[in-house]
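The structure appears below as structure tokens.
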Amino acid sequence: MAMDPSSAPAEPLDDSAYARLRTLITSGALGPGTRLREAALAERLGVSRTPVREALNRLAAEGLVEISRNKGAQVVSFSPEDVAGLYDVRAGFEPHAALLAVPRLSRDDVERLAELNSQMEDAAAAGNLQALGALNSEFHGIFVDRCGNRHFAIALQTLMRPAVVAHTFGKYSPEALRRSMLHHAELVAAARAGDGEWAEAVMRTHILAARNAASARNAGD
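If you count the sequence shown from 1, you need to add 13 to reach my numbering.
Structure (structure tokens):
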């Protein structure tokens with residue numbers, strides 16, 4: 014929900030309320046479909062309703078929350094078919110973004126990819142899925158941002174929804190998580206080598222592996 018620029022400035026967003034509410038959702042403490050009532054959340058978080066409302070709007074923009082006139086705000090629900098469908102589309106387009114991006118990566122970009130990869134390994138070892146999801150989004154975002162096609166990048170960013178990433182990491186087996194970390198390391202190696210075709214192949218494998226890891230766990234639920 015966009016703010017009216019002509020209105021009086023709103024109370025600054027309470028990042029602590031946003032961060033805590035986001036953690037409640039991504040950790041599963043507030044499950045899919047849970048109604049998010051401003052008054053109850055404000056009491057739970059110890060803040061006024063204004064920062065809660067701002068946090069809900071921010072989370073809606075990220076795809077973690079749905080806001081409707083009739084139902085109000087609720088945690089977004091993803092069926093196994095929703096998750097698989099999004100990964101299918103990403104598998105068709107994101108590898109091409111990697112192919113285009115690698116020749117355009119600066120030395121700083123490559124070093125940032127390596128740094129993010131190291132931090133993801135630490136987060137995975139610690140079981141910190143919230144940090145892992147955020148780091149993963151930035152890692153993939155570098156390839157998307159550097160692909161050289163603004164319209165293509167915007168389209169891909171709408172598919173790389175944090176809620177789906179959080180959903181997927183939460184369902185990974187230890188083996189699938191290790192495989193994902195190895196893919197990230199190989200993407201860094203491809204970036205260092207300046208080999209876009211290598212990065213394209215690894216990215217396709219990486220996304221398809223994520224899709225099938227999530228599907229396999231859903232089948233066993």
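Virtual Cβ for every residue (Gly too), placed ideally from N, Cα, C.
- Per DSSP, S131 is one residue of the alpha helix (DSSP H) stretching across 120-139.
- In this structure, the CA atom of A138 is about 42 Å from the CA atom of R82.
- Contact between the region 111-129 and the region 151-166 is present: 3 or more CB-CB pairs across the two stretches fall below 8 Å.
- Going by C-alpha positions, F165 is about 16 Å away from D101.
- The alpha-carbon of S193 is positioned some 15 Å away from that of S228.
- Under the three-state reduction of DSSP output, G105 falls in the helix class.
- Residue environment: T181 is assigned as buried (16 or more neighbouring CB atoms within 10 Å of its CB, all protein chains considered).
- Taking a contact as a CB-CB distance under 8 Å, the pair N149 and A198 does not count as one, their CB atoms being some 13 Å apart.
- Shown here, V157 sits in a helix according to DSSP, grouped into three states.
- Rounded to whole angstroms, the separation of the alpha carbons of S61 and A110 is 43 Å.
- Cβ-Cβ distances below 6 Å link A68 to A30, Y31, L34 in the same chain, with the five nearest sequence neighbours on each side left out; the list follows chain order.
- Shown here for Q170: same chain residues with a beta carbon closer than 7 Å to its own, the five before and five after excluded, namely V157 in chain order.
- Only exposed fits E56, as fewer than 16 other CB atoms lie within 10 angstroms of its CB.
- Taking all protein chains shown into account, E107 has 16 or more neighbouring C-beta atoms within 10 Å of its C-beta and is therefore buried.
- S81 is bridged by DSSP to G85.
- Assignment of R50 by DSSP, reduced to helix, strand and coil, places it in the coil class.
- Judged by pairs of C-beta atoms under 8 Å, the region 78-98 does not touch the region 203-213, as fewer than three such pairs exist.
- In this structure, I220 keeps its C-beta atom at 8 Å or more from the C-beta atom of R71.
- Shown here, D95 sits in a helix according to DSSP, grouped into three states.
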